[in-house]
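Visitor: Have a look at this one.
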């Protein structure tokens, strides 16, 4: 075998070995790259895991801090809520305590000057003129600028350029004439606009003068009304005195817990003002006197007033309103038309045993101005002061036990007339059907007075209205009654009972009574059923009279 062949084999072997080594190196490089990437991936995942764990730990810390902060904030809000409740209770109690003192720092007199109108009528503002177009008179020279009007020398000698010059003059004259025509047209438009502006100005001025005159007439009328009101008030005229004192009480400032509803009646002959004033109900007093937050139970708990405490607060409140009202009315009496005041304090509430609305009088007092003005209200004990005025006060204010008013407002009415004694002249020969209708009304009024009602006869209105108004003075079962007396021969039909029911509603009466010398038809009795209406026919009327020692008869005259 030759050397050259061996050399070739060696070369082939070396190249094959080299190729093998290169392949193995590439394989190892690939493996190492794969392993490197795997290591990087594992490092990345470990990093992510560390960051995730870190985030979770931070989130847990944040959540704990958040919950801690929330808990602190919640506790603060509950404590603040408790404080607000206590502040509200304190505000109400302080408001009650300052009821009387509030008016002592105020002049309750009504200034009649304050009733006069203060408004002034605004000045006339003319309507805005229309925008006018700009219009200037055309200047003739402006149109002939550059136009040669006199012929030049060549034109004079040879006629050269004559036609062109004349054409230029003609055009300038036409343009000037058109400008003058436009100037005149625009002037016409301006004249029309000015005429329209003048018309609008005239209309606006006429409307202004009309409204101003109406305003001045209203002011004059208001001044006359105030002057008449003032004159009538100083003259002690009933309606004016009542209206003045309504203003006094309406201007009195109370919180929303006070109803401030009232009725007044002025008796001119005695110069006495009778006031029925609605007092706050017991519910105006807060349910709890203090609130505390119990953190362990997450509960706001109120401490109730003791019965004695609640009674004392309410008694002081009622006494304070009573004295304040008397003070305001006496202090405001600038015309000296009030010698005395009767104050009846009532409460609108619901009887818990019946569920029905009631309006018991819980305090009533009568005092003169001379007596009341001797007191220094800034230093008095309000309850002792009211008792010193010999007021009648509910023996149990918290239960609203009623007292009888000294003067009942329901029994003061300008319609009332003096009744005549008809009973003493009646015996068993008296035929009620032959009595004068007005005498019969007096008899019915006499009868209900004997029964025990405070009865008043009203002026005859001939309109089917009320004939007698009676008042049952019993605190619980009493109230206002309206009574109609019908001296009839024929059966009383349902229309009369319907009229009585309507009168009851208008008079706000507790009961209606229809008395007749005849009988009632079935429809009339059916309508009265289940209503607070009592029908007294002729037979029952005779029975009632006999029960009170009065004998009479009902016979149809032959």
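Numbering (full-length UniProt numbering), first residue to last: 1 to 558.
By construction, the Cβ of each residue, glycine as well, lies at the ideal position given by its N, Cα and C atoms.
Being a predicted model, the structure only gives us computed values, none of them experimental.
Could you give the DSSP three-state label for residue 380: helix, strand or coil?
Guide: Working through the chain shown from its first residue, we reach residue 380 at position 380. Coil.
Visitor: For residue 34, count neighbouring Cβ atoms within 10 angstroms of its own Cβ and tell me buried if that reaches 16, exposed if not.
Guide: The residue you call residue 34 lines up with position 34 of the chain shown. Its Cβ having fewer than 16 others within 10 Å, residue 34 is exposed.
Visitor: Beta-carbon separation of residue 528 and residue 497 under 8 Å?
Guide: If you number the chain shown from 1, residue 528 lands on position 528. If you number the chain shown from 1, residue 497 lands on position 497. In contact: residue 528 and residue 497 (Cβ atoms closer than 8 Å).
Visitor: Does DSSP put residue 538 in a helix, in a strand, or in coil?
Guide: Counted from its first residue, the chain shown places residue 538 at position 538. The answer is helix: DSSP assigns residue 538 an H, G or I state.
Visitor: Quick check on the DSSP output: the alpha helix (DSSP H) that includes residue 240 runs from which residue to which?
Guide: Here the question's residue 240 lines up with position 240 in the chain shown. Here the alpha helix (DSSP H) through residue 240 covers 238 to 250.
Visitor: Between residue 186 and residue 133, is the Cβ-Cβ spacing less than 8 Å?
Guide: Against the chain shown, residue 186 aligns to sequence position 186. Against the chain shown, residue 133 aligns to sequence position 133. Yes, they are a contact pair.
Visitor: Is residue 401 helix, strand or coil when you go by DSSP?
Guide: Locating residue 401 in the chain shown gives position 401, counting from the first residue. Correct three-state label for residue 401: coil.
Visitor: Using DSSP with H/G/I as helix, E/B as strand and the rest coil, what is residue 121?
Guide: The sequence position of residue 121 within the chain shown is 121, counting from 1. Three-state DSSP puts residue 121 in coil, outside helix and strand.
Visitor: For residue 340, which residues does DSSP report across the bridge?
Guide: On the chain shown, position 340 is the one that residue 340 refers to. In the DSSP output, where bridge partners are listed per residue, residue 340 has 272, 368.
Visitor: Per DSSP, residue 533 forms a beta bridge with which residues?
Guide: Here the question's residue 533 lines up with position 533 in the chain shown. According to DSSP, which records beta bridges pairwise, residue 533 is partnered with 512.
Visitor: In this structure, how does DSSP classify residue 471 when only helix, strand and coil are distinguished?
Guide: If you number the chain shown from 1, residue 471 lands on position 471. If DSSP states are grouped into helix, strand and coil, residue 471 belongs with the strands.
Visitor: Distance check for residue 443 and residue 493, CA to CA, integer angstroms please.
Guide: By 1-based counting over the chain shown, the position of residue 493 is 493. By 1-based counting over the chain shown, the position of residue 443 is 443. Near 23 Å, if we compare the C-alpha coordinates of residue 443 and residue 493.
Visitor: So if DSSP puts residue 363 in a beta bridge, which residue, or which two residues, is it bridged to?
Guide: Stepping through the chain shown from its first residue, residue 363 is reached at position 363. Its beta-bridge partners are 345, 393.
Visitor: Below 8 Å on the Cβ atoms is my guess for residue 143 versus residue 175; work out the distance and round it to an integer in Å.
Guide: Taking the chain shown and counting its residues from 1, the one referred to as residue 143 is at position 143. Taking the chain shown and counting its residues from 1, the one referred to as residue 175 is at position 175. Their Cβ separation, rounded to whole angstroms, is 5 Å, which keeps residue 143 and residue 175 in contact under 8 Å.
Visitor: To the nearest angstrom, how far is the alpha carbon of residue 340 from that of residue 271?
Guide: The sequence position of residue 340 within the chain shown is 340, counting from 1. The sequence position of residue 271 within the chain shown is 271, counting from 1. If I take the Cα positions, the gap works out to 7 Å.
Visitor: Considering Cα atoms alone, identify which of 363, 301, 150 is closest to residue 316.
Guide: Numbered from its first residue, the chain shown carries residue 316 at position 316. Closest by alpha carbon: 363.
Visitor: Would you mind sorting residue 543 into buried or exposed? The rule is 16 or more other CB atoms within 10 Å of its CB.
Guide: The residue given as residue 543 occupies position 543 in the chain shown. Burial call: exposed.
Visitor: May I ask you to list the residues that DSSP assigns as paired with residue 267?
Guide: As a working note, residue 267 is residue 267 in the chain shown. Residue 267 pairs with 272.
Visitor: Runs of 4 residues minimum, wholly inside the region 54 to 111: which ones carry the alpha helix (DSSP H) assignment?
Guide: Within the region 54 to 111, the complete alpha helix (DSSP H) runs of at least 4 residues are 99 to 104.
Visitor: Is residue 431 helix, strand or coil when you go by DSSP?
Guide: For the purposes of this step, residue 431 is identified with residue 431 of the chain shown, where counting begins at 1. Residue 431 falls in the strand class under three-state DSSP.
Visitor: Grab me the residues of residue 273's own chain with a C-beta within less than 6 Å of its C-beta, minus the 5 sequence neighbours each way, in chain order.
Guide: For the purposes of this step, residue 273 is taken as the residue at position 273 of the chain shown. Around residue 273: 266, 338, 341.
Visitor: Verify the contact flag: residue 467, CB atom, against every heavy atom of the ligand ATP, threshold strictly below 7 Å.
Guide: As far as ligands go, the structure on display features none, and thus does not contain the ligand ATP.
Visitor: Report the CB separation of residue 328 from residue 249 in whole angstroms; it is logged as a contact under 8 Å.
Guide: On the chain shown, position 328 is the one that residue 328 refers to. On the chain shown, position 249 is the one that residue 249 refers to. Sure, about 7 Å apart at Cβ, within 8 Å.
Visitor: Tell me the residue span of the beta strand (DSSP E) that contains residue 302.
Guide: Position 302 of the chain shown, counted from the first residue, corresponds to residue 302. Taken as a continuous stretch (DSSP letters only), the beta strand (DSSP E) holding residue 302 covers 299 to 304.
Visitor: Need the endpoints of the alpha helix (DSSP H) that residue 507 sits in, please.
Guide: Mapped onto the chain shown, residue 507 falls at position 507. Per DSSP, residue 507 belongs to the alpha helix (DSSP H) from 494 to 507.
Visitor: What does the alpha-carbon distance come out to for the pair residue 135 and residue 179?
Guide: Looking up residue 135 in the chain shown gives position 135. Looking up residue 179 in the chain shown gives position 179. Going from the Cα of residue 135 to the Cα of residue 179 covers about 11 Å.
Visitor: Residue 382 and residue 361 look like a contact to me (Cβ under 8 Å); what is the Cβ gap, rounded to whole Å?
Guide: Here the question's residue 382 lines up with position 382 in the chain shown. Here the question's residue 361 lines up with position 361 in the chain shown. In fact, because the Cβ distance is near 19 Å, the residues do not count as touching under 8 Å.
Visitor: How would you label residue 307, buried or exposed, when you count the other beta carbons within 10 angstroms and need 16 or more for buried?
Guide: As a first step, residue 307 must be located in the chain shown, where it is residue number 307. With fewer than 16 Cβ atoms within 10 Å of its Cβ, residue 307 is classed as exposed.
Visitor: Going by DSSP, what residue range makes up the beta strand (DSSP E) through residue 290?
Guide: Taking the chain shown and counting its residues from 1, one reaches residue 290 at position 290. Element bounds for residue 290: 288 to 294.
Visitor: Smallest Cα separation from residue 193: which of 131, 167, 213?
Guide: Translated into positions along the chain shown, residue 193 becomes position 193. Nearest of 131, 167, 213 to residue 193, Cα basis: 131.
Visitor: DSSP state of residue 186, grouped into three classes?
Guide: The sequence position of residue 186 within the chain shown is 186, counting from 1. Residue 186 falls in the helix class under three-state DSSP.
Visitor: Shortest alpha-carbon distance to residue 487 belongs to which of 481, 515, 471, 508?
Guide: The sequence position of residue 487 within the chain shown is 487, counting from 1. The shortest Cα separation from residue 487 among 481, 515, 471, 508 belongs to 515.
Visitor: Measure from the alpha carbon of residue 109 to the alpha carbon of each residue in 246, 121, 472, then state which is nearest.
Guide: Here residue 109 refers to the residue found at position 109 of the chain shown. The candidate whose alpha carbon is nearest that of residue 109 is 246.
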